[in-house]
Amino acid sequence: MKELVLLFNEAHKADFFEGSMKQSVNEEGIRDDLRPESLESRDSILMSKSRIEPTAMPVLSKFYGIVVGMLYEPRHSAHVRAFYEGHEMVVGLQPVRVIRGDAPARARSMVLEWASRYRGEILIDWQRCASAQTPLSIPPLT
53 MKELVLLFNE AHKADFFEGS MKQSVNEEGI RDDLRPESLE SRDSILMSKS
103 RIEPTAMPVL SKFYGIVVGM LYEPRHSAHV RAFYEGHEMV VGLQPVRVIR
153 GDAPARARSM VLEWASRYRG EILIDWQRCA SAQTPLSIPP LT
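Per the working numbering, the sequence shown starts with residue 53, numbered consecutively.
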């Protein structure tokens with residue numbers, strides 16, 4: 053099964069567990085599985101304040117603590133989203149550059165190197181998403 057990540061904002065927290073939603077809420081109304089300390093250990097859940105509703109995003113690659121996913125948006129040019137330690141970047145592919153967001157310099161340079169190296173494969177995945185197909189995994193940066 054293709055791995056997915058969920059994007060969510062503070063008002064719409066969600067969790068993806070093999071096709072079902074986990075519903076563990078504490079006395080304060082906060083889901084136990086969404087406390088900051090529980091998020092640190094999971095690389096399949098990522099936060100984004102840029103989204104209003106939870107959105108599943110296929111993971112293309114993981115390397116050095118960086119998770120790269122693709123959320124097809126027909127009104128935007130081809131891009132990927134990279135997440136690292138609470139940072140999020142949107143990386144364009146034509147040309148390869150950071151469009152929005154930020155991350156520590158080392159993570160940013162690794163994502164840009166990965167995107168440059170696998171640009172062709174990423175663009176193929178973008179077309180697969182445009183055709184409602186699941187994107188293929190792309191090798192990590194080594």
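Cβ atoms here follow ideal geometry from the backbone N, Cα and C, with glycine treated the same way.
Residue closest to residue i, alpha-carbon to alpha-carbon, out of the options
{"i": "serine 183", "options": "Tyr136, Glu125, Gly144 and Leu112", "result": "Glu125"}
{"i": "histidine 128", "options": "Gln146, Val111, Val119 and Tyr136", "result": "Gln146"}
{"i": "glutamate 165", "options": "Ala134, Thr186, Arg152 and Gly153", "result": "Ala134"}
{"i": "proline 156", "options": "Tyr136, Val150 and Pro110", "result": "Tyr136"}
Backbone CA spacing between residue i and residue j [nearest angstrom]
{"i": "leucine 175", "j": "glutamate 140", "result": "20 Å"}
{"i": "serine 189", "j": "glutamine 179", "result": "14 Å"}
{"i": "aspartate 177", "j": "serine 168", "result": "15 Å"}
{"i": "arginine 160", "j": "proline 192", "result": "14 Å"}
{"i": "methionine 122", "j": "tyrosine 170", "result": "14 Å"}
{"i": "valine 120", "j": "valine 163", "result": "8 Å"}
Buried or exposed (CB count within 10 angstroms, at least 16 for buried), residue i
{"i": "serine 113", "result": "buried"}
{"i": "glycine 138", "result": "exposed"}
{"i": "isoleucine 118", "result": "buried"}
{"i": "glycine 172", "result": "exposed"}
{"i": "glutamate 116", "result": "Per the sequence shown, the amino acid found at residue 116 is tyrosine instead of glutamate. Under this definition tyrosine 116 is an exposed residue."}
{"i": "alanine 108", "result": "exposed"}
Per-residue DSSP class, three states only, for residue i
{"i": "leucine 188", "result": "coil"}
{"i": "leucine 123", "result": "coil"}
{"i": "alanine 182", "result": "helix"}
{"i": "glutamate 140", "result": "strand"}
{"i": "glycine 172", "result": "helix"}
{"i": "alanine 155", "result": "coil"}
Bridge partners - residue i, DSSP secondary structure assignment
{"i": "valine 163", "result": "According to DSSP, valine 163 bridges with nothing at all."}
{"i": "leucine 145", "result": "Val148"}
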